[in-house]
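Visitor: Numbering (UniProt numbering), first residue to last: 1 to 104. Here a beta-carbon is modelled for each residue, glycine too, at the ideal position from N, C-alpha and C.
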Amino acid sequence: IHANRQVQISSVELLSLVCYELTAIVRDSGRGLACYLADLLSRIKLQKITLHCVLTSIPSSRDLPRSFTHEILAFNDNTDESLASQGEAFQVQILRFLLSLIMF
């Protein structure tokens, strides 16, 4: 799980950098490239997919009742804290990516 989350964080960071660089290129170039990229992004629904990623990264606010066995397993599992910090790092990166899409 840790390696998968690290890959997700790195991927979103790379997408953010690409978006920031594309923003700089579009500012320097003509209107044709800007229209083409806007059309491309709307066709692949990148903004919608990014918002879905933000939504899924937010933990549910409702507390579902867990069985006694699940409580014992959760108590003995000490990886919850590291997963929480990686979850926060992922949320920061996905929000930065969303900001770069808005600036685009």
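#1: Looking at C-alpha atoms only, which residue of GLY87, PRO65, VAL7 and LYS45 is the closest neighbour of SER57?
#2: Just how far apart, CA to CA, sit LEU95 and GLY32?
#3: Check each candidate in PHE104, GLN91 and ILE102 and name the one with the smallest Cα separation from VAL12.
#4: With burial defined as no fewer than 16 other Cβ atoms inside 10 Å of the residue's Cβ, what is the status of GLN6: buried or exposed?
#5: Within 10 Å of its beta-carbon, does SER67 have 16 or more other beta-carbons around it, so buried, or fewer, so exposed?
Guide: Taking the geometry as given:
#1: GLY87
#2: 28 Å
#3: GLN91
#4: exposed
#5: exposed
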